[in-house]
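In the order they appear, the protein sequences are chains S and F.
Per this note's numbering, residue 1 is the first one in the first sequence, and the count goes up by one each step.
Per this note's numbering, residue 1001 is the first one in the second sequence, and the count goes up by one each step.
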Amino acid sequence: MADVNRGNRPLSPHLQVYRLPLPAITSIVNRAAGHAMVAGLLLLSFWLVGAAAGGGLWDCADWLTRSWFGFLVLLGSAWALWYHFLAGIRHFFYDAGEGLEIETARKSSIAIVAGSVVLTLLSLIIYLL
Amino acid sequence: MRYVTPRKAAIGMGASHSGTAHHWWMTVSSVALALLTPSFLMVMGTALQLPERAEILMYFTRPYPAIVVALFMTLGMMHFIKGTRIMIDDYFEHTARKVAIILSTAFGWVVIAMTLFALARVQLAFAQAV
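What follows is the structure in structure tokens.
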């Protein structure tokens, strides 16, 4: 088969050479974000258990949560939560059969990425104020 | 005697034998979680700002923070369990799929139990002190 001259015609799209369109990338990231934010929820539930239990568990949980590592986990999870929030709202429109045109889906993808960054920064500013 | 004919019982169930139940549950829980998200972030943000453990405990004796966190964590992790199920069905097969479903379900409920335990303990300690 390898010796067959296929001429100069284009090959069918292949996963390794096919550039995913933006709506496909934002859809995959939505799944990843939904799973990733659980790191933050786990950390917060550990922090709450520590607060309720007190003693060494509280020292450990509070130190971890308020460390730079805990801050990064919580900030990353906040972004993932806002991203999942916006992409989930887009899914309501998809389910209703709206916004499925290529150009509309491309625009909503940009809106989701930009919106999630804006909402995360807004949350951070409100938190720090 | 069953009054529902086999045909009537099968209609609308599709290849999954469960129809759109999963998708509809995800839709309902996402609406609830979307509405709860700003409140949850505000409550946890407020709690994280409190420097002393005693202040944090007092904050969670109030109904609003306790109910928002209990609702968001319970619904959120149930949404997670059903959500990972779709990812697991896409990427895993056979025994690996079964193990992954068990692990994700167990993990989700452990997080729910941890949160509810913490909140309940704070309420009980508060009730005893009053």
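Glycine included, every Cβ here is placed at the ideal spot set by N, Cα and C.
As the structure is a computational prediction, the values presented were derived from the model and not from experiment.
query, result
"Cα-Cα separation between Pro-1006 (chain F) and Met-1013 (chain F), rounded to whole angstroms", "12 Å"
"Span separating the alpha-carbon of Glu-98 (chain S) from that of Ser-1039 (chain F)", "28 Å"
"Beta-carbon spacing of Leu-64 (chain S), Gly-56 (chain S) below 7 Å", "no"
"Cα-Cα separation between Thr-1105 (chain F) and Ile-1081 (chain F), rounded to whole angstroms", "5 Å"
"Min CB distance Gly-1083 (chain F) to chain S below 7 Å", "yes"
"Where the stretch 93-107 of chain S meets chain F: residues whose CB sits under 8 Å from a CB there", "Asp-95"
"Meets three-Cβ-pair contact criterion under 8 Å: the stretch 46-61 of chain S and the stretch 77-86 of chain S", "no"
"Neighbour flag for Tyr-18 (chain S) against chain F, beta carbons, 7 Å", "no"
"Terminal residues of the alpha helix (DSSP H) in which Glu-98 (chain S) lies", "Per DSSP, Glu-98 (chain S) belongs to no alpha helix (DSSP H) and is neither H nor E."
"Per-residue burial, His-1094 (chain F) [other beta carbons within 10 Å of its own, 16 or more giving buried]", "exposed"
"Residue-chain proximity (Arg-1053 (chain F), chain S), Cβ-Cβ < 7 Å", "yes"
"Residue nearest to Pro-23 (chain S) in terms of C-alpha spacing, selected from S:Leu-74, S:Leu-75 and S:Thr-104", "S:Thr-104"
"Secondary structure of Phe-1107 (chain F), DSSP reduced to three states", "helix"
"Proximal residues to His-1079 (chain F) (C-beta, below 8 Å), its chain only, five neighbours per side dropped", "Met-1026, Ser-1029, Ser-1030 and Leu-1033"
"Selected residue, minimal CA-CA separation from Met-1077 (chain F), among S:Leu-41, S:Asp-62, S:Ser-77 and S:Leu-75", "S:Leu-41"
"Buried versus exposed, by CB contacts within 10 Å (16 or more), Ile-1102 (chain F)", "exposed"
"Cβ-Cβ separation, Trp-58 (chain S) to Arg-1053 (chain F) (assumed contact under 8 Å), whole Å", "6 Å"
"Alpha helix (DSSP H) segment containing Thr-1020 (chain F), residue limits", "Run containing Thr-1020 (chain F): none; DSSP gives neither H nor E here."
"Chain-ordered chain S contacts of Leu-1071 (chain F) [CB-CB under 7 Å]", "Going along chain S, no residue has its Cβ under 7 Å from Leu-1071 (chain F), so there is no contact; the nearest lies around 13 Å."
"Which listed residue (F:His-1017, F:Ala-1021, F:Ile-1086 and F:Thr-1037) has its alpha carbon closest to that of Val-1065 (chain F)", "The question names Val, but residue 1065 (chain F) is Pro in the sequence shown. Pro-1065 (chain F) has its Cα closest to that of F:Thr-1037, out of F:His-1017, F:Ala-1021, F:Ile-1086 and F:Thr-1037."
"Meets three-Cβ-pair contact criterion under 8 Å: the stretch 1111-1128 of chain F and the stretch 1057-1076 of chain F", "yes"
"Limits of the alpha helix (DSSP H) - the one that Arg-31 (chain S) falls within", "22-36"
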